[in-house]
Amino acid sequence: MVEKGEALGNAVEVKELTKSYGSLLAVDHVSFEVKDKEIFGLLGPNGAGKTTTIRMICGMLRPTSGTAVVAGFDVSNKPQEVKRRIGLVPDVSNLFGELSARVNLEFMGKLYGLDRKTRRERIDQVLELFQLKDRQNDLVKYYSKGMHRRLTIAAALIHQPEILVMDEPTSGLDAQAARLVREIIIDLNKEGRTIFLTTHQIDEADRLAQRVGIIDRGRLITLNTPEQIKNSTEGMRALEIKILNGVDQQRWVPIISGVEGVDNVFLAEGKIRILSKNLSQIIPTVVNLVGKHGGKIENISVTQPTLEDAYINLTGKGIREEPMSKEEYLQRRLARSGLR
Amino acid sequence: MKIVTPLLNAVWIAENDLRQSFKSVRHVVWSLLFPIFMMLTFSFRYGATEPDIQFITFLIPGIVGMTAMFGSINETMSIVWDKALGVFDRVLAAPVSSTSIIVGKTMSGAVMGVISALVLLIIGNMIFGVSFVNISFVLLIILLASFSFTGIGTIISGLASEPREAMMLSNLLRFPMMFLGGVFFPVEAMPMPLPYIARALPLTYATEALRAIEIGNISLVFVDAIVLLVYTIGTMLLGSQILMRIMTR
Numbered sequence: 355m356v357e358k359g360e361a362l363g364n365a366v367e368v369k370e371l372t373k374s375y376g377s378l379l380a381v382d383h384v385s386f387e388v389k390d391k392e393i394f395g396l397l398g399p400n401g402a403g404k405t406t407t408i409r410m411i412c413g414m415l416r417p418t419s420g421t422a423v424v425a426g427f428d429v430s431n432k433p434q435e436v437k438r439r440i441g442l443v444p445d446v447s448n449l450f451g452e453l454s455a456r457v458n459l460e461f462m463g464k465l466y467g468l469d470r471k472t473r474r475e476r477i478d479q480v481l482e483l484f485q486l487k488d489r490q491n492d493l494v495k496y497y498s499k500g501m502h503r504r505l506t507i508a509a510a511l512i513h514q515p516e517i518l519v520m521d522e523p524t525s526g527l528d529a530q531a532a533r534l535v536r537e538i539i540i541d542l543n544k545e546g547r548t549i550f551l552t553t554h555q556i557d558e559a560d561r562l563a564q565r566v567g568i569i570d571r572g573r574l575i576t577l578n579t580p581e582q583i584k585n586s587t588e589g590m591r592a593l594e595i596k597i598l599n600g601v602d603q604q605r606w607v608p609i610i611s612g613v614e615g616v617d618n619v620f621l622a623e624g625k626i627r628i629l630s631k632n633l634s635q636i637i638p639t640v641v642n643l644v645g646k647h648g649g650k651i652e653n654i655s656v657t658q659p660t661l662e663d664a665y666i667n668l669t670g671k672g673i674r675e676e677p678m679s680k681e682e683y684l685q686r687r688l689a690r691s692g693l694r
Numbered sequence: 096m097k098i099v100t101p102l103l104n105a106v107w108i109a110e111n112d113l114r115q116s117f118k119s120v121r122h123v124v125w126s127l128l129f130p131i132f133m134m135l136t137f138s139f140r141y142g143a144t145e146p147d148i149q150f151i152t153f154l155i156p157g158i159v160g161m162t163a164m165f166g167s168i169n170e171t172m173s174i175v176w177d178k179a180l181g182v183f184d185r186v187l188a189a190p191v192s193s194t195s196i197i198v199g200k201t202m203s204g205a206v207m208g209v210i211s212a213l214v215l216l217i218i219g220n221m222i223f224g225v226s227f228v229n230i231s232f233v234l235l236i237i238l239l240a241s242f243s244f245t246g247i248g249t250i251i252s253g254l255a256s257e258p259r260e261a262m263m264l265s266n267l268l269r270f271p272m273m274f275l276g277g278v279f280f281p282v283e284a285m286p287m288p289l290p291y292i293a294r295a296l297p298l299t300y301a302t303e304a305l306r307a308i309e310i311g312n313i314s315l316v317f318v319d320a321i322v323l324l325v326y327t328i329g330t331m332l333l334g335s336q337i338l339m340r341i342m343t344r
């Protein structure tokens, strides 16, 4: 058993963590560490195994094999100690809609064993911090998505945890609310809290996380700082082109990917993005090829590779590609419902 | 401290569930309207223009038992809703033992069953003047019955993957139990093999015990109370096992 204090600067230590549901490997021998007081991002598409990893780390799901040590406590042996030190912000705001914000926070405070006086103080504190004080007595079901999110984070902070685990913290929020949540995350980290977040948004991981682990199909592909991950595209540059009258921009991807010297081609925000180490060499070839296939280039620009470029370079596919197969979806649903 | 904290957590969970259930007055009123409606409808028997008092004395204990069944099972269904809405995860993420969660959910189910049954008892008394000689025995039977129905509700909640499935499963049990549990017709008057089926249902023992209290047959009350206790232990153990599997999988 690992005792408190053995973490040696790591808030979370995960070793060979695995979760399988029958033949489906949701998390496949994943190992990583989250350092004390850092913002760590686990980046991957939906169904990559991010939430399953989080649930195992938070002591809500028993791993098939491997270990997770949080704040010096082994999750398998001391789940209650781990839960006391973690504040979980799930991907969907899971508050009691029929109750007010204050009553929701009151309930959470009780479950974490806070006495009446401490509860009252902390509730006032978080309501003030998240600008919810004037709506504290309104039923949560009448809250906007942004308010829901803020209250969910507030509920996770009621027991002042060392580690805040956030599953897709800005998912489903409008730009303004997402920005506010990101600011909150940065402020909480500045206060000395370790933040472990998952996201499928590459720019969010790039903006927030000091280190990023990329997970896909249950496997950790790489782990490094966003800058270092971007450096995996060393020597590469990105060419972005928009083809006029190209209603289906996707059709250009296989055409361009056949050009010699092209390392990767994909669509990003309606534009074709080409990664290559010999950009100067391939530009004339690509322009000629587009013209030959009846296309007309409206816009062309050369940029430095982004984290998304690095992600695609590492995984071989875009983060929004390849939806789950029907079989995989059903397996995951059954697994979640506890029927297998 | 080792017992106090888990027990306190169970109380907080039960309090939170009941707070939600009683938050909506409409919710409470609707859930009580069904048994009230059944009581009023069946009080006029075989086209009679006036209520048949002898039959009403037979009917009210059955309606009270049935109301406890509906109240307890409905309240325990909150587990399925909690799972569907993700709020169950909120409790799972907190440092609360699985036992506290199960005890808390059971407590809220039983409290709701008892309250609903008592309301019907009062209404039955106010409208038809039906009263019981020994109210403490009535409370004991209602409490035991509510716990056994809560156990059934926990099993359903554990087995169902989503609320619609839970509603269908609970109706599959509640409605046959309502008609075979001796609420409206005496078990002895049922054709074979229905009395055997009736004897397998906890509602039968609850209604039988409540009627026995009415006529002062205390030995039968004790027998039925023991059967209900066995039922409670059995269903609660099974329900806990199923829920535990979900919580620790």
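Chain order of the listed sequences is D and Y.
My numbering applies: residue 355 is where the first sequence begins, and numbers increase by one.
My numbering applies: residue 96 is where the second sequence begins, and numbers increase by one.
Yeah, the Cβ is synthetic: ideal placement off N, Cα and C, and Gly gets one too.
query: Would the beta-carbon of Y:A179 fall within 8 Å of that of Y:E257?
result: yes
task: Tell me whether Y:L136 is buried or exposed, calling it buried when 16 or more other Cβ atoms sit within 10 Å of its Cβ.
output: With the sequence shown as reference, residue 136 of chain Y is identified as Thr, and Leu is not the correct amino acid for it. Under this definition Y:T136 is an exposed residue.
- prompt: Nearest to D:V366 by alpha carbon, out of D:I583, D:Q530, D:E516?
  reply: D:E516
- prompt: Per DSSP, what kind of secondary structure is D:L453 in: helix, strand or coil?
  reply: coil
query: What separation, rounded to the nearest whole angstrom, lies between the Cα atoms of D:A361 and D:D557?
result: A caution first: D:A361 carries a pLDDT of 43, below 50, which makes its placement in the model unreliable, though a value can still be read off. Distance between the alpha carbons of D:A361 and D:D557: 30 Å.
Beta-carbon proximity check, Y:L215 vs Y:T162, cutoff 8 Å: yes
query: Does DSSP put D:H513 in a helix, in a strand, or in coil?
result: coil
query: When DSSP labels each residue in this structure, what does D:L574 get in the three-state scheme?
result: strand
- prompt: Taking the C-alpha atoms as reference points, what is the distance between Y:L156 and D:T406?
  reply: According to the sequence displayed, residue 156 of chain Y carries Pro and not Leu. Going from the Cα of Y:P156 to the Cα of D:T406 covers about 50 Å.
- request: State yes or no: is the beta carbon of D:R571 nearer than 8 Å to at least one beta carbon in chain Y?
  value: no
- request: Taking only the alpha-carbon atoms, compute the straight-line gap between Y:I168 and Y:V159 and give it to the nearest angstrom.
  value: 14 Å
task: Assign D:F502 to buried or exposed, taking buried as 16 or more other Cβ atoms, counted over all protein chains shown, within 10 Å of its Cβ.
output: The displayed chain sequence assigns His, not Phe, to residue 502 of chain D. Burial call: buried.
message: Could you check whether the Cβ of D:M520 sits closer than 8 Å to any Cβ belonging to chain Y?
response: no
Local Cβ density within 10 Å of Y:P286, reported as buried at 16 or more and exposed below that: exposed
- request: Could you tell me which of Y:F232, Y:W107, Y:A295, Y:L296 sits nearest to Y:R306, measuring between CA atoms?
  value: Y:F232
query: At a CB-CB cut-off below 8 Å, which residues of chain Y make contact with D:E697?
result: Any question about residue 697 of chain D goes unanswered here, given that chain D covers just 355 to 694.
task: Pull up the CB-CB distance for D:G398 and D:K404, whole angstroms please, since I reckon it's below 8 Å.
output: 5 Å
field: Under 9 Å by beta carbon: chain Y residues contacting D:M590
entry: The premise fails here: D:M590 is roughly 41 Å from chain Y at the closest Cβ pair, so nothing lies under 9 Å.
- prompt: Cβ of Y:L264 within 7 Å of any heavy atom in the ligand ADP?
  reply: With respect to small molecules bound, the structure shown includes none, and the ligand ADP cannot be examined in it.
- prompt: What are the residues that DSSP puts in a beta bridge with D:K391?
  reply: Beta-bridge pairing links D:K391 to no other residue.
field: N-terminal and C-terminal residue of the alpha helix (DSSP H) that D:I347 is part of
entry: One cannot answer for residue 347 of chain D here, as it falls past the ends of chain D, which runs 355 to 694.
- prompt: Given a threshold of 16 other Cβ atoms within 10 Å of its Cβ, counted over all protein chains shown, does D:K499 qualify as buried or as exposed?
  reply: exposed
- prompt: In this structure, what does DSSP give as the bridge partners for Y:A179?
  reply: Per DSSP, none; premise fails for Y:A179.
query: Taking the beta strand (DSSP E) that D:V446 falls in, what are its first and last residues?
result: Per DSSP, D:V446 belongs to no beta strand (DSSP E) and is neither H nor E.
field: Three-state secondary structure (DSSP) of Y:S241
entry: helix
field: Collapsed DSSP secondary structure at Y:V225 in the structure displayed
entry: coil
- request: Take every Cβ of the region 321-333 of chain Y, pair it with every Cβ of the region 233-253 of chain Y, and state whether three or more of those distances are shorter than 8 Å.
  value: yes
Within chain Y, partners of D:P444 - CB distance below 9 Å: G181, D184, R185, A188
- prompt: So what's D:S374 in DSSP terms, helix, strand or just coil?
  reply: strand
field: Alpha carbon of D:P659 to alpha carbon of Y:R340, nearest angstrom
entry: 47 Å
- prompt: Rounded to the nearest angstrom, how far is the Cβ of D:G451 from that of D:V494, given a contact under 8 Å?
  reply: 5 Å
field: Stretch-stretch touch, CB-based, cutoff 8 Å, three pairs: the region 439-449 of chain D with the region 374-390 of chain D
entry: no
task: Using a cut-off of 9 Å between C-beta atoms, extract the partners of D:G401 located in chain Y.
output: None at all; the shortest Cβ gap to chain Y is about 18 Å.
- prompt: Checking contacts by CB at 8 Å: is Y:V191 closer than that to chain B?
  reply: Included in the structure are the protein chains D and Y, with no chain B among them.
Per DSSP, cross-strand counterpart(s) of D:D428: D:V423
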